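Trainee: Residue numbers (this note's numbering): 66 to 471. Every residue gets a Cβ at the ideal spot worked out from N, C-alpha and C, and that includes glycine. Please read all numbers here as calculations on a predicted model, not as lab measurements. Next up is a structure, given as structure tokens.
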Amino acid sequence: MDPLDIILHKENIAPFYQPVISCDEHIIAGYEVLGHLKTDKDWVSLGSFFRDGNVPAEYKWEIDEQIYNQAFAHYLTQEEQPFLFLNVDANVLDELDNHELLLNLLFQYEKQGLPLKKIVLEFREHDFQGDIESLSHLMKFFTTNGIQVAIDDLGKFGSNLDRLSKLEPNMMKIDLEGIGNHESAFDYRNVLEALAIFSRKIGATLLFKGIEDLHHLHIAWGHGGRFIEGGYLHKPGLSWISRDMVKQNLDEKVRSFIHRANSLLQEQIAFVLGLDEQLANLGKSLTRYKSDDEEAKAIAEQLSHMVFRVYMCERFGYQLTSNWKKDKEGNWYEETIAKGKNWSWRSYFLENVAQMESRKTGILSDVYRDIETNELVRTYSYPLSGNRFVFLDIDPSFLFEREWLL
């Protein structure tokens, strides 16, 4: 639609409200405000209008202001006080120098009862044409006045963690749209895990949007999403709905996630306990071998059905043995290049060693991609006598035959 047509018919524009649901209470905790235009046939989203770089900033601000006013006025008629998420174009505010105009608009409605602490301004960092310092100052301008800010569309367009740390958002909004249920989605989940860890480090809340199916919901639930939104949960509409509208359905879905996760964890725990017992028994018979390498090879041969690489380290990270690796025929051979190297620089190494020393039990790593093979693997490590630790890299084929290990 021509931008001028939208301006000329702005009396037909109204905000739609996309429910934002809390993952702790499973109730509607807020609404994202989405501009729509009434046509002869139906309501049409104004998303393409706002994202079009050729539309003049003055046009966008005029429509934004209209939508904001309607949303604020509607908010004041309601008894509840949920979060109100507003899409804000930083380029428009920067070009027109309208940040104070927006703040004054918020102050105007605050005097009528609009709680500013419930307002969340969503900025798309990847769209901003200025430098990161300008965007940081713009966002801090609002947060210092008690308004929350969010960075939108993370994941979809890549995420520069250094830039995010400078922006210090209250919320980070991750888009799951287009993420399918296939193997390549594993790499995307790695990105989500990194963002989840990063959000905790900077004290930002995660909000997952674009949830269009059960798989998306499971991803959001499993990666620390405090808030969620999307058509699978509830579609946007012209009015607010009961805060409990989605609770029963969401309760059932999450219960199924918890049940499945518990089942997988029980399988993994049994697997680790079984390995602990095997290694404890093997350890009793290792004394007959004359060197660490002979012991490592013996362990590899005993567990040949499930591992493809075995080596030992001492408590400070120095590798005591060669890498014992399995070839395609299932035979074990010695690779000496890693012997004597130190692995304490790996962020998890010393912590895992301390846990094994204290608990006298093995540890199973998360799933990761092996540097040499680029395949998905897990590593099981176990404390042996004499402050030595054996590391068993589990064969990818063994993992894929057991869903509970992936």
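(1) According to DSSP, is residue 468 helix, strand or coil?
(2) Measuring alpha carbon to alpha carbon, tell me which of 91, 80, 84 and 66 ends up nearest residue 314.
(3) Does the Cβ of residue 281 have 16 or more other Cβ atoms within 10 Å, making it buried, or fewer, making it exposed?
(4) Curious, which full-length beta strand (DSSP E) runs of at least 3 residues does the region 102-145 contain?
(5) Could you say if the region 176-190 and the region 122-129 meet the contact criterion of at least three C-beta pairs nearer than 8 Å?
(6) Nearest to residue 187 by CA position, among 135, 412, 240 and 198, is which residue?
(7) For residue 295, count neighbouring Cβ atoms within 10 angstroms of its own Cβ and tell me buried if that reaches 16, exposed if not.
(8) Within the chosen definition, does the region 350-359 reach the region 380-392 through at least 3 CB pairs nearer than 8 Å?
(9) Among residues of its own chain, excluding the 5 on either side of residue 288, which ones have a beta-carbon nearer than 6 Å to its beta-carbon?
(10) Short check: CB of residue 293 to CB of residue 93, under 8 Å?
(11) Between residue 272 and residue 236, is the Cβ-Cβ spacing less than 8 Å?
(12) From the DSSP output, in three-state form, read off residue 348 for me.
(13) If you scan the region 349-434 from start to end, which runs of the alpha helix (DSSP H) of 4 or more residues do you find wholly inside it?
(14) In this structure, what does DSSP give as the bridge partners for residue 446?
(15) Would you call the region 336-346 and the region 116-127 touching, i.e. three or more CB-CB distances under 8 Å?
(16) Would you list the residues sitting across from residue 78 in a DSSP beta bridge?
(17) Kindly confirm or deny that the region 320-331 and the region 411-431 touch, where touching means at least three C-beta pairs closer than 8 Å.
(18) Can you grab the Cα-Cα spacing for the pair residue 382 / residue 468, in whole Å?
(19) Assuming residue 158 is part of the alpha helix (DSSP H), what are its boundary residues?
Mentor: Taking the coordinates as given:
(1) As a first step, residue 468 must be located in the sequence shown, where it is residue number 403. Residue state, collapsed to three classes: helix.
(2) Here residue 314 corresponds to residue number 249 of the sequence shown, with the count starting at 1. A check of alpha carbon separations from residue 314 across 91, 80, 84 and 66 identifies 91 as the nearest.
(3) Here residue 281 corresponds to residue number 216 of the sequence shown, with the count starting at 1. Label assigned to residue 281: buried.
(4) 108-110
(5) no
(6) Looking up residue 187 in the sequence shown gives position 122. Cα-wise, what sits closest to residue 187 is 240.
(7) Stepping through the sequence shown from its first residue, residue 295 is reached at position 230. By the neighbour-count definition (other C-beta atoms within 10 Å, threshold 16), residue 295 is a buried residue.
(8) Yes, since at least three Cβ pairs between the region 350-359 and the region 380-392 fall closer than 8 Å, the two stretches touch.
(9) Residue mapping note: residue 288 aligns to position 223 of the sequence shown, counting from 1. Within the same chain, residue 288 has close Cβ partners 257 and 261.
(10) Numbered from 1 along the sequence shown, position 228 holds the residue referred to as residue 293. Numbered from 1 along the sequence shown, position 28 holds the residue referred to as residue 93. Taking 8 Å as the Cβ cut-off, residue 293 and residue 93 do not qualify as a contacting pair.
(11) In the sequence shown, counting from the first residue as 1, residue 272 sits at position 207. In the sequence shown, counting from the first residue as 1, residue 236 sits at position 171. Going by C-beta atoms, residue 272 is nearer than 8 Å to residue 236.
(12) Stepping through the sequence shown from its first residue, residue 348 is reached at position 283. Of the three classes helix, strand and coil, the one that applies to residue 348 here is helix, per DSSP.
(13) Counting whole runs of 4 or more residues, the region 349-434 contains the alpha helix (DSSP H) stretches 357-367 and 414-424.
(14) As a first step, residue 446 is located in the sequence shown; it is residue number 381 there, counting from the start. Answer by DSSP bridge pairing, in chain order: 428 and 456.
(15) no
(16) One-based indexing of the sequence shown puts residue 78 at position 13. Answer is 102.
(17) no
(18) Position 317 of the sequence shown, counted from the first residue, corresponds to residue 382. Position 403 of the sequence shown, counted from the first residue, corresponds to residue 468. Distance between the alpha carbons of residue 382 and residue 468: 31 Å.
(19) Within the sequence shown, residue 158 is the residue found at index 93, counting from 1. That run of the alpha helix (DSSP H) goes 155-161.
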